[in-house]
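Input: a single structure, listed below in structure tokens.
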Amino acid sequence: MIGMINIFPSTKPVVSSEQLQQVKDWLYELLQIDRDTIISLSQLQCQEPNCPPIHTAIAIMTSPPCILRIHKAIPYITCTDICEAIALKIIKD
Ligand SMILES: [Zn+2]
0 MIGMINIFPS TKPVVSSEQL QQVKDWLYEL LQIDRDTIIS LSQLQCQEPN CPPIHTAIAI
60 MTSPPCILRI HKAIPYITCT DICEAIALKI IKD
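For the sequence shown, this note's numbering puts the final residue at 92, and the numbers step up evenly by one.
Below is the structure:
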């Protein structure tokens with residue numbers, strides 16, 4: 000049997016605790032929020048066209064809570080992505 004080669008993997012990439020912590024560290028620094036603030040990251044299937052199959056929803060439990068969406072899986076998120084998501088959020092609000 001020949002194994003199937005998945006060109007566009009839609010499975011959620013494995014995220015190390017270091018990668019998770021790095022994204023959270025950027026959020027704490029950029030948003031200048033207290034380190035006690037809960038941040039939850041979840042990788043979700045993205046339904047939008049021309050988008051990678053997985054995006055990341057970031058819920059920052061400030062009051063009111065702030066939700067950011069980045070059209071990348073967690074291991075591929077950069078500091079710039081987070082800056083852009085925050086800028087977009089500020090424009091929209
Ligand atoms: Zn997307």
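The beta carbon of each residue, even a glycine, is placed where N, CA and C say it ideally should be.
Going by DSSP in three states, M0 sits in which element: helix, strand or coil?
Looking up residue 0 in the sequence shown gives position 1. Bear in mind that a pLDDT of 48 at M0, under 50, signals an unreliable position, so the number given afterwards is only what the model happens to contain. DSSP places M0 in coil when its eight states are reduced to three.
Is any heavy atom of ligand 1 found at a distance shorter than 7 Å from the C-beta of E47?
In the sequence shown, residue 47 corresponds to position 48, counting from 1. Checking the Cβ of E47 against ligand 1 gives yes.
Can you give me the Cβ contacts of P12 inside the same chain, cut-off strictly under 6 Å, excluding the 5 residues immediately before and after it?
On the sequence shown, residue 12 is found 13 positions in, with the first residue counted as 1. The residues are A72, P74.
Would you report the Cα separation of L30 and H70, rounded to the nearest angstrom?
For the purposes of this step, residue 30 is taken as the residue at position 31 of the sequence shown. For the purposes of this step, residue 70 is taken as the residue at position 71 of the sequence shown. When rounded, the distance between both Cα atoms is 19 Å.
Would you tell me roughly how many angstroms separate the C-alpha atoms of P52 and Q42, rounded to the nearest one?
Stepping through the sequence shown from its first residue, residue 52 is reached at position 53. Stepping through the sequence shown from its first residue, residue 42 is reached at position 43. If you take the alpha carbons of P52 and Q42, they lie about 10 Å apart.
I'd like to know whether the C-beta of T79 is nearer than 8 Å to at least one C-beta of chain C.
The structure shown contains no chain C; it holds only a single protein chain.
In whole angstroms, give me the CA-to-CA distance for C82 and I89.
Here residue 82 refers to the residue found at position 83 when the sequence shown is read from its first residue. Here residue 89 refers to the residue found at position 90 when the sequence shown is read from its first residue. Taking the straight line from one Cα to the other gives about 11 Å.
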